[in-house]
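Enquirer: Got a structure here, written out as structure tokens. Questions coming.
Number of protein chains: 2
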Amino acid sequence: MRDLNENNIIEAVLEQVRDTPDPRLKQIMASLVRHLHGFVRDVEPTFEEWNRAIVFLTRTGQMCSDTRQEFILLSDTLGVSMLVDALNHRMPEGATPTTVLGPFYVANAPEMALGADISGGLAGEPLYVEGSVASAAGRDRLAGAIVDIWHSDSEGYYDVQRPDLDHSALRGRFLTDADGRFRFWSIMPSSYPVPNDGPVGRMLAATGRHPYRPAHVHFMISADGHETLVTHVFVAGDPYLDSDAVFGVKDALIREYAPEPPGMAPDGKTMREPWRRLSYDFALKPRSPARAAR
Amino acid sequence: MRDLNENNIIEAVLEQVRDTPDPRLKQIMASLVRHLHGFVRDVEPTFEEWNRAIVFLTRTGQMCSDTRQEFILLSDTLGVSMLVDALNHRMPEGATPTTVLGPFYVANAPEMALGADISGGLAGEPLYVEGSVASAAGRDRLAGAIVDIWHSDSEGYYDVQRPDLDHSALRGRFLTDADGRFRFWSIMPSSYPVPNDGPVGRMLAATGRHPYRPAHVHFMISADGHETLVTHVFVAGDPYLDSDAVFGVKDALIREYAPEPPGMAPDGKTMREPWRRLSYDFALKPRSPARAAR
């Protein structure tokens, strides 16, 4: 392992990871070395370019905090997160497609009664959301499924991004009723830029890309015997549906958030202003027997 | 750009970087996307594995400080730094081979008189270093070349790694004399582990690798009309010459640090204990006309 040059160094590095005890890590390291060296040989970086890459990665790590994950954002904006999602969700016919989790999920949101208002007092156009949860196998409705919701406000901010807010808002957790149905009130979400004041934002700007995601509501739905579904429902007509900065849009996840006139809402509430109505029926992929047995 | 799956997402991401204004950045981004997606498709990471990669990169960035560059260490230990070095130094016949800069270079070391002792009072076996600097074209000796030196102590630490040390040691800067020669006193360097208390150290351990570098003295040599040479001279017989953790060893850079008995040293100094003697004649690559014109 001496006198390594551009032609033989890759074999020397592969030789060094060949004794990795864990077989999966060994496979990952060998593939990483092959693709990383392939990239470097392909672009032949100058020392200055290599140094800029080192600085970029360092700043990306140092931008991370309890409320900010810049490397996930980098993964998202390079299409890696959606690729990992696709590789892990080769979905059966009829199951609702998945999309990225995103950085704004908060575990253990408060459980709320069906029909509750999750707007937390934030201003915006009222939105009534109703839907059902079924099994993609047989279409049986699933009672007692956990439906976790979160979304942005009318200005594109999540509650955790608003230092002025002292309570959680625009997020909630519901259990489907005996018919596998759920419903709640909130306000319309808005399109928004991913956090773009860090290295990833500068990467987007340097590559001529905008940082916007089309408006959507996040859903995480889990039920016994089924894989947990992580997805969004996008607002039809949003200008960013064809250029989502994180590559997450699927046609089957776009719905009309239908404008409704003042009057009586489906739950009997009298609306004095116009409101919107979203309906979505979700279908969960059954867990494979091997995984269900765990 | 909707309904992206494992087969078509790469094209969507490439399409997004196609408007990059800077042509070089455009080339780098396209290659990065191809190789990064190739890696992910090859290993098909689970979400847990993807998350561990995110955590690894984040910790690597957060390990960096004014005195520690964990991403350079990652680049070094994956052979990327030496690959970049090789790609940038396709050396002409007769020029001294290059190797990695490493993390311990300090710019603007004090200039010292030829023959000075750079040991800074640190204990160790005395080492006399002498050599010459010539042009690889024609072998003309180069007077007034700047020879920057730095190396570890007898325990494998650089001065910047010793919080107990309040002055610089084991580093210096010399100008070659009219014959293109230099000489100085120091102490023997030692093999040492690269910093292994961080994410890169855990990566080395998980892949069954040791973190050691064979003992060496660093040289950075610059002279008018020539490319700056960054290299080491390794100590012949070191047990880590064939498994350098950063892949930096070249046969032409290994020399006997010859043991000498007590008595008179080449500069007339009387040595009461055994000492070592290193001689190395460096040859610098002439700058190409295009670059010299800048």
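Protein chains in written order, with numbering that gives the first Met the number 0: chain A, 0 to 293; chain B, 0 to 293.
For glycine and all other residues, C-beta sits at the position ideal for the given N, C-alpha and C.
#1: Return the residues of the region 61-83 of chain A that lie within a Cβ-Cβ distance of less than 9 Å from chain B, sorted by chain order.
#2: To the nearest angstrom, how far is the alpha carbon of A/VAL105 from that of A/PHE218?
#3: Check the Cβ of B/SER242 against every Cβ in chain A and list those closer than 9 Å, keeping chain order.
#4: Check whether the Cβ atoms of A/SER190 and A/ALA214 lie closer than 8 Å to each other.
#5: Could you check if A/LYS284 is buried or exposed, using at least 16 other CB atoms within 10 Å of its CB as the buried criterion?
#6: If the criterion is Cβ atoms closer than 8 Å, does the pair A/PHE281 and A/LEU240 meet it?
#7: With burial defined as no fewer than 16 other Cβ atoms inside 10 Å of the residue's Cβ, what is the status of A/ASP223: buried or exposed?
#8: Given A/ARG293, which residues of its chain have a CB within under 8 Å of its CB, disregarding the five upstream and five downstream residues?
#9: Can you give me the C-alpha to C-alpha distance between B/ILE8 and A/TYR279, rounded to a whole angstrom?
#10: Assuming B/PRO126 and B/ASP152 make a contact with CB atoms under 8 Å, what is their CB distance in whole Å?
#11: Three or more beta-carbon pairs under 8 Å between the region 164-179 of chain B and the region 130-150 of chain B, yes or no?
#12: Determine, using beta carbons only, whether A/PHE233 and A/GLY78 come nearer to each other than 8 Å.
#13: Output needed for A/ARG275: all residues of its chain with C-beta closer than 8 Å, excluding positions within five of it in sequence on either side, in chain order.
#14: Closer than 8 Å, CB to CB, is B/HIS166 near chain A or not?
#15: Among B/TYR157, B/TYR156 and B/GLY130, which residue has its Cα nearest to the Cα of B/MET144?
#16: Indicate whether B/THR230 and B/PRO96 have their beta-carbon atoms separated by less than 8 Å.
#17: Which residues does DSSP pair with A/ARG212 in a beta bridge?
#18: Helix, strand or coil: how does DSSP classify A/THR230 here?
#19: Where does B/ILE53 sit, in a helix, a strand or coil, going by DSSP?
#20: Output the boundary residues of the beta strand (DSSP E) element that contains B/PHE181.
#21: Determine which residues share a DSSP beta bridge with B/ARG140 and list them.
#22: Excluding sequence positions up to five away, which residues of its chain have a Cβ less than 6 Å from the Cβ of B/LYS249?
#23: In whole angstroms, give me the CA-to-CA distance for B/ARG23 and A/PRO44.
#24: Which term fits B/GLU5, buried or exposed, when burial requires 16 or more other beta carbons within 10 angstroms of its beta carbon?
#25: Would you please state the rounded distance, in angstroms, between the beta carbons of B/ALA135 and B/ALA94? I believe it to be under 8 Å.
#26: According to DSSP, is A/LEU13 part of a helix, a strand, or is it coil?
#27: For chain B, is any of its Cβ atoms less than 8 Å away from the one on A/LEU56?
#28: For the region 26-46 of chain A, list every residue whose C-beta sits within 9 Å of some C-beta in chain B, in sequence order.
#29: For B/HIS34 versus A/HIS34, is the C-beta distance shorter than 8 Å?
#30: Going by Cα to Cα distance, which pick from B/GLU14, B/ASP65, B/GLY119 and B/PHE103 is closest to B/PHE183?
#31: Consider the Cβ of B/PRO102: report whether some Cβ of chain A lies at a distance smaller than 8 Å.
#32: Going along the chain, which unbroken runs of the alpha helix (DSSP H) with 4 or more residues stay wholly within the region 41-124 of chain A?
#33: Contact defined as beta carbons within less than 8 Å: I believe B/GLU69 pairs with B/VAL159. What is the distance between those atoms, to the nearest angstrom?
#34: At the level of alpha carbons, what is the spacing between B/SER185 and B/ALA29?
#35: Contact criterion: CB-CB distance below 8 Å. Does B/PRO238 meet it with respect to chain A?
#36: For the region 208-219 of chain A, which residues have a CB atom closer than 7 Å to at least one CB atom of chain B, in sequence order?
Expert: Judging by the given coordinates:
#1: Correct list: GLN61, MET62, CYS63, GLN68, GLU69, PHE70, ILE71, LEU73, SER74, THR76, LEU77, GLY78, VAL79, SER80, MET81, LEU82 and VAL83.
#2: Cα to Cα, the separation comes out at about 12 Å.
#3: Result: MET0 and GLN15.
#4: Yes, they are a contact pair.
#5: By the neighbour-count rule (16 or more Cβ atoms within 10 Å), A/LYS284 is buried.
#6: Not closer than 8 Å, so no.
#7: With fewer than 16 other beta carbons inside 10 angstroms of its own, A/ASP223 counts as exposed.
#8: With a pLDDT of 38 at A/ARG293, under the threshold of 50, the predicted position of this residue should be treated as unreliable, though the coordinate-derived value follows. Counting only Cβ-Cβ distances below 8 Å, and skipping sequence neighbours, we find nothing.
#9: The alpha-carbon atoms of B/ILE8 and A/TYR279 are separated by roughly 26 Å.
#10: Reading off the sequence, residue 126 of chain B comes out as Leu, not Pro. So it is not a contact: roughly 11 Å between Cβ atoms.
#11: The answer is yes - the region 130-150 of chain B touches the region 164-179 of chain B, with three or more Cβ pairs under 8 Å.
#12: In this structure, A/GLY78 does not lie closer than 8 Å to A/PHE233 by Cβ.
#13: Once the five neighbours on either side are set aside, the close Cβ partners of A/ARG275 are GLU124, PRO125, LEU126, TYR127, MET187, TYR256, ALA257, PRO258 and GLU259.
#14: With its beta carbon at least 8 Å from every one in chain A, B/HIS166 lies outside the interface.
#15: As written in the sequence, residue 144 of chain B is Ala, which differs from the Met given in the question. Among B/TYR157, B/TYR156 and B/GLY130, the Cα nearest to that of B/ALA144 belongs to B/GLY130.
#16: Yes. Within cutoff.
#17: DSSP lists A/TYR191 as partners of A/ARG212.
#18: In the structure shown, A/THR230 sits in a strand (DSSP, three-state: E or B).
#19: Helix, per DSSP.
#20: Here the beta strand (DSSP E) through B/PHE181 covers 180-186.
#21: Looking at the DSSP output, B/ARG140 bridges to B/ALA133.
#22: Within the same chain, B/LYS249 has close Cβ partners PRO96.
#23: Per the coordinates, the alpha-carbon of B/ARG23 lies some 10 Å from the alpha-carbon of A/PRO44.
#24: Result: buried.
#25: Contact flag correct, Cβ pair sits at about 4 Å.
#26: The answer is helix: DSSP assigns A/LEU13 an H, G or I state.
#27: Chain B contact via Cβ: present.
#28: For the region 26-46 of chain A, which is checked against every Cβ of chain B, the residues closer than 9 Å are GLN26, ILE27, MET28, SER30, LEU31, VAL32, ARG33, HIS34, LEU35, HIS36, GLY37, PHE38, VAL39, ARG40, ASP41, VAL42, GLU43, PRO44, THR45 and PHE46.
#29: Cβ atoms of B/HIS34 and A/HIS34: closer than 8 Å.
#30: It is B/GLY119 whose Cα lies nearest to the Cα of B/PHE183.
#31: The Cβ of B/PRO102 sits no closer than 8 Å to any Cβ of chain A.
#32: Within the region 41-124 of chain A, the runs of alpha helix (DSSP H) at least 4 residues long that lie entirely inside it are, in chain order, 46-61, 69-76 and 79-87.
#33: Going by Cβ atoms, the distance from B/GLU69 to B/VAL159 rounds to 16 Å, so no, they are not a contact pair.
#34: Whole-angstrom Cα-Cα distance: 49 Å.
#35: Chain A, which has no Cβ nearer than 8 Å to the Cβ of B/PRO238, makes this no.
#36: When C-beta distances to chain B are compared with 7 Å, the residues of the region 208-219 of chain A below that value are ARG208, in chain order.
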